[in-house]
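Protein chains in written order, with this note's numbering: chain A, 26 to 215; chain B, 26 to 215.
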């Protein structure tokens, strides 16, 4: 079952039942346990991933050999290394489940076929990408404007569900804070 | 004349001469002098802008009352406040020419009509947005990994033409450096 992605597509474009049958031919659905990998460093990221249910993190290993989280994806979000996906270059990233997850994946070649068979998906993905650009612009503006403390409070107020589901040390990594400092901030916030 | 945008579209999708005529009906072309505004804070950003020739900067006024540059756009780049464009909300940004520029603009409503009349533009804009997401991911990774000094050297090596055309104090603003510090870095680099 992958009703969430179908529902998401139908928010933006028409997709009849017979078109859903076509769609299903070109996507794969994975049921993954916690801590399973969808992508590992130095492989080409040949897929776009949609989180039907669950939670993913995308990270790379920085120069100090430490995991640096660059992005998360919760239910209903798309995630990929778009540079690697578009240019077929090896990725610097890992994409891994944080909790048990149900993931819909579309590979590069099948996406091309889907755009021919269901051209309305061009619009859907155009809108998804446009939303991602808007999100990146907003995030970049917040990072210019806010101290790390303010960014943490903004983040925790904007995404309370997220804070419940994602381990604190991962949120610290994403925000560029030490886990100890994040723990202090949380105490102040109580 | 706006041959660059037509050429850019044709890199990704077909566009016949008669379709160019349709396209022209729905876009506007501005010849702007240096320091003219395309967008001002608190207005809705109702346009996507393509730099046919020239250079733009997108900035906001931060809490200290200082201009903070968030993005630049050179020949062949698209720029907009996508959040404002998609949600019809007032923008926090200014978009202004840095040099004499020739700009192609498409407003929100005309873009909708163009997608109906020339559906292949969905693919073109899907690819443009995907490239923008890939760019944002790369930039965010560099910011995690690099010191401001390293980021400056990376930037100046990757975009030498840019360094020639954009005033130093604007590059300093974009990189979050003081103009004095940037000037020191440049001397070191000579």
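Heads up, the beta-carbon is just placed ideally off N, CA and C, and yes, glycines get one too.
*Distance, residue 82 of chain B Cα to residue 141 of chain B Cα*: Cα to Cα, the separation comes out at about 31 Å.
**Q.** Residue ranges of each beta strand (DSSP E) within the stretch 147-176 of chain B, 3 or longer
**A.** none
- Between which two residues does the alpha helix (DSSP H) containing residue 107 of chain B stretch? 107-112
query = In chain order, what residues of the same chain lie with their CB nearer than 6 Å to the CB of residue 100 of chain B, ignoring the 5 residues before and after it?
reply = 76, 78
_DSSP state of residue 115 of chain A mapped onto helix, strand, coil_ = strand
Practice prompt. Just confirm the distance between the C-beta atoms of residue 173 of chain B and residue 170 of chain A, as a whole number of angstroms; I'd bet it's less than 8 Å.
Written response: Contact flag wrong, Cβ pair sits at about 17 Å.
| message | With three or more beta-carbon pairs closer than 8 Å as the criterion, would you say the stretch 112-124 of chain A touches the stretch 56-67 of chain A? | response | yes
| In three-state terms, what does DSSP make of residue 45 of chain B? | helix
Stretch pair the stretch 37-46 of chain A + the stretch 142-157 of chain A: three plus CB contacts closer than 8 Å
yes
Other residues of its chain near residue 93 of chain B: CB distance less than 7 Å, five sequence neighbours each side excluded:
84, 85, 87, 198
| query | With contact counted as at least three CB pairs below 8 Å, one residue from each stretch, are the stretch 126-143 of chain B and the stretch 183-193 of chain A in contact? | reply | no
| said: Going by C-alpha to C-alpha distance, which of A:135, A:43, A:193, A:107 sits closest to residue 157 of chain A? | reply: A:107
Requested in this report: Run the CB neighbour count on residue 191 of chain A, radius 10 Å, all protein chains shown included, and call it buried at 16 or more, exposed below.
Outcome: buried
Neighbourhood of residue 72 of chain A by C-beta distance below 8 Å, restricted to the same chain and skipping five residues each side: 63, 64, 105, 110, 130, 131, 132, 133, listed in sequence order.
Which first and last residues belong to the beta strand (DSSP E) in which residue 85 of chain A is found? 80-86
- Task: Can you tell me which of the three DSSP states residue 125 of chain A falls into?
- Result: Residue state, collapsed to three classes: coil.
Since residue 207 of chain A and residue 193 of chain A should fall inside the 8 Å C-beta cutoff, what is the C-beta to C-beta distance between them, to a whole number of angstroms? The beta-carbon distance between residue 207 of chain A and residue 193 of chain A, rounded to whole angstroms, is 6 Å. This is short enough to meet the 8 Å contact definition.
message = On the CB-based measure, 16 or more other CB atoms within 10 Å of its CB, does residue 127 of chain B come out buried or exposed?
response = buried
Exercise. For residue 154 of chain A, which residues in chain B fall below 7 Å Cβ to Cβ?
Worked result: 151, 154, 155, 158, listed in chain order.
Please return the same chain residues whose Cβ sits closer than 6 Å to the Cβ of residue 55 of chain B, not counting the five positions on each side in sequence.
Excluding positions up to five away in sequence, the list reads 128.
Open item on the list: Between residue 164 of chain A and chain B, is the shortest Cβ-Cβ distance under 9 Å, so that the two count as touching?
Closed with: yes
| query | So the alpha helix (DSSP H) residue 140 of chain A belongs to, where does it begin and stop? | reply | 133-142
Assuming the contact rule is C-beta atoms closer than 8 Å, residue 80 of chain A and residue 123 of chain A should be a hit. Round their C-beta distance to whole Å, please.
4 Å
Considering residue 32 of chain B, what are the terminal residues of the alpha helix (DSSP H) in which it resides?
28-35
Can you pull the chain A residues whose beta carbon is under 7 Å from the beta carbon of residue 7 of chain B, in chain order? Absent from the structure is residue 7 of chain B, since the part of chain B shown begins at 26 and ends at 215.
task: Provide the residue(s) that pair with residue 75 of chain A in DSSP beta bridges, ordered along the chain.
output: A:103, A:129
Which one or two residues does DSSP pair with residue 95 of chain A in a beta bridge? Answer is none; residue 95 of chain A lacks a bridge partner.
Q. Residue 144 of chain B to residue 213 of chain B, Cα distance in whole Å?
A. When rounded, the separation of the alpha-carbon atoms in residue 144 of chain B and residue 213 of chain B is 52 Å.
_Three-way DSSP call (helix, strand, coil) for residue 205 of chain A in this model_ = In the structure shown, residue 205 of chain A falls within a helical segment according to DSSP collapsed to helix, strand and coil.
| query | Given residue 96 of chain B, which residues of its chain have a CB within under 6 Å of its CB, disregarding the five upstream and five downstream residues? | reply | 83
Relative to the alpha-carbon of residue 49 of chain A, which residue among A:59, A:168, A:27 has its alpha-carbon at the smallest distance? Closest option to residue 49 of chain A, Cα to Cα, is A:27.
- Which term fits residue 113 of chain B, buried or exposed, when burial requires 16 or more other beta carbons within 10 angstroms of its beta carbon? Exposed.
First and last residue of the uninterrupted beta strand (DSSP E) at residue 40 of chain B = Residue 40 of chain B -> no beta strand (DSSP E), and no H or E assigned at all.
For residue 166 of chain A and residue 125 of chain A, believed in contact at Cβ under 8 Å, the rounded distance: Their Cβ separation, rounded to whole angstroms, is 34 Å, which puts residue 125 of chain A and residue 166 of chain A out of contact at 8 Å.
Kindly indicate which three-state DSSP category residue 199 of chain A falls into: helix, strand or coil? helix
- How would you label residue 32 of chain A, buried or exposed, when you count the other beta carbons within 10 angstroms and need 16 or more for buried? exposed
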